[in-house]
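Presented below is the structure to which this report refers.
Numbering (this note's numbering), first residue to last: 910 to 1212.
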């Protein structure tokens, strides 16, 4: 079953924010939020967290699945209003946050998102991104106890990025992750997301195929519920990444390795024809990254 309606999805997890950019609130003595959305997500996050926890200032953990702009945009706001909040993520994320150009890109892409999700003027100062910081660098296999019987285990899952961490919640059997888990477009088709390394992402996906997953909490579009549905989704995500990889190979042959021509042609095919609700610049950055991944992979095989 595929669920796009916000609400409780397991004993300790609430699906909040918006299906276009999903966040998940884990209710426990140490309440935790998965990812921070866009800057424009803040009004919805504020409302949903407050309605569930009774206060907007009660969060203990913010777990980042990776460093992309649409997953860290609300982080500065959350740090301002949650005095005890600890931000956890892969150690590499701090290197990105410390890079002025990367931080500027995070700000720019979040600002562009306002074309799709208008931000009320009253929130502009609240969501301002001055700096971002990881408080707790997360290691592969590390476990976080949210209560005596509720724990969250980190699974290093590169491929979409080099700093990807997926999180498995026990006893609920919920897996949270980044875009590498699979993202559905507005018309219901899957998108490939191997923006860092194709083979690493395929390995990350195969690594979870035999896990006991009752709920797959996607970063965009919604939630997959039921073990059979989860297995089907993972299989289709593997297939879509392979299809996209092969399509890029075809384009590189057609344009004799010219990355920009491949990007232009595939942007027309994918972005415009599939009604993708994402800033076009962000889509093209991701697509160019995947084209470079495939080209680099082929060049490596020649040596």
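Glycine included, C-beta positions come from ideal geometry on N, C-alpha and C.
Keep in mind it's a predicted model, so treat the numbers as computed, not measured.
Close beta carbons around residue i, own chain, < 8 Å, minus the five adjacent residues each side
i: residue 1176; result: 1189, 1192, 1193, 1196
i: residue 963; result: none
i: residue 1207; result: 1158, 1161
i: residue 922; result: 933, 934, 935, 936, 1078, 1081, 1083, 1124, 1126
i: residue 952; result: 1028, 1029, 1032
i: residue 1092; result: 1099, 1100, 1102, 1127, 1128, 1129, 1130
i: residue 1014; result: 978
i: residue 1166; result: 1204
Exposure of residue i, with buried meaning 16 or more beta-carbon neighbours within 10 Å
i: residue 910; result: exposed
i: residue 1057; result: exposed
i: residue 1182; result: exposed
i: residue 1141; result: exposed
i: residue 1160; result: buried
i: residue 1025; result: exposed
i: residue 1209; result: exposed
i: residue 1131; result: buried
i: residue 916; result: exposed
i: residue 1089; result: buried
i: residue 1010; result: exposed
i: residue 913; result: exposed
i: residue 926; result: buried
i: residue 1187; result: buried
i: residue 1163; result: exposed
i: residue 1137; result: exposed
i: residue 1145; result: exposed
Other residues of its chain near residue i: CB distance less than 7 Å, five sequence neighbours each side excluded
i: residue 930; result: 946, 947, 950, 979, 1129
i: residue 1096; result: 1183, 1184
i: residue 920; result: 1081
i: residue 928; result: 913, 1130, 1131
i: residue 1143; result: 1114, 1117, 1118
i: residue 1098; result: 1183
i: residue 1168; result: 1197, 1200, 1201, 1204
i: residue 1023; result: 949
Identity of the residue in the options nearest residue i by Cα
i: residue 1121; options: 956, 1131, 1139; result: 1139
i: residue 1123; options: 1135, 1144, 1131; result: 1135
i: residue 992; options: 914, 967, 973; result: 967
i: residue 994; options: 1005, 1011, 971; result: 971
i: residue 1086; options: 1094, 1076, 1092; result: 1076
i: residue 1199; options: 1166, 940, 1103; result: 1103
i: residue 1040; options: 1111, 1008, 1078, 1100; result: 1008
i: residue 1050; options: 1078, 1165, 924; result: 1078
i: residue 924; options: 952, 938, 1042, 961; result: 961
i: residue 1111; options: 1099, 1204, 1148; result: 1148
i: residue 1047; options: 1101, 973, 969, 1022; result: 973
i: residue 1054; options: 941, 1204, 1201, 1205; result: 941
i: residue 1035; options: 1178, 1023, 988, 1166; result: 988
i: residue 1094; options: 1179, 956, 955; result: 1179
Anticipated Cβ contact below 8 Å, residue i with residue j, distance rounded
i: residue 1074; j: residue 999; result: 5 Å
i: residue 1066; j: residue 1113; result: 4 Å
i: residue 958; j: residue 934; result: 6 Å
i: residue 996; j: residue 1042; result: 7 Å
6 Å CB neighbourhood of residue i in its chain, flanking five on each side removed
i: residue 1038; result: 985, 1016
i: residue 1212; result: Caution is warranted here: a pLDDT of 46 is assigned to residue 1212, below 50, making its placement in the model unreliable, and no coordinate value can be reported.
i: residue 976; result: 1002, 1005, 1072
i: residue 1019; result: 947, 948, 978, 982
i: residue 1170; result: 1164
i: residue 1045; result: 995, 997
i: residue 1021; result: 1188
Check: residue i C-beta below 7 Å from any heavy atom of the ligand ADP
i: residue 931; result: With respect to the ligand ADP, the structure offers nothing, as it holds no ligand at all.
Chain C within 8 Å of residue i, Cβ atoms only
i: residue 1019; result: Absent from the structure: chain C. Only one protein chain is present.
Quick check: the region 1069-1085 against the region 982-989, are there 3 or more CB pairs under 8 Å?
no
Touch check for the region 1075-1084 and the region 1168-1182: three-plus C-beta pairs under 8 Å?
Judged by pairs of C-beta atoms under 8 Å, the region 1075-1084 does not touch the region 1168-1182, as fewer than three such pairs exist.
May I ask you to verify whether the region 1148-1159 touches the region 1098-1112, counting CB pairs closer than 8 Å and requiring at least 3?
Three or more beta-carbon pairs separated by less than 8 Å link the region 1148-1159 to the region 1098-1112, which places the two stretches in contact.
Would you say the region 1111-1120 touches the region 1047-1061, given that touching needs at least three Cβ pairs under 8 Å?
no
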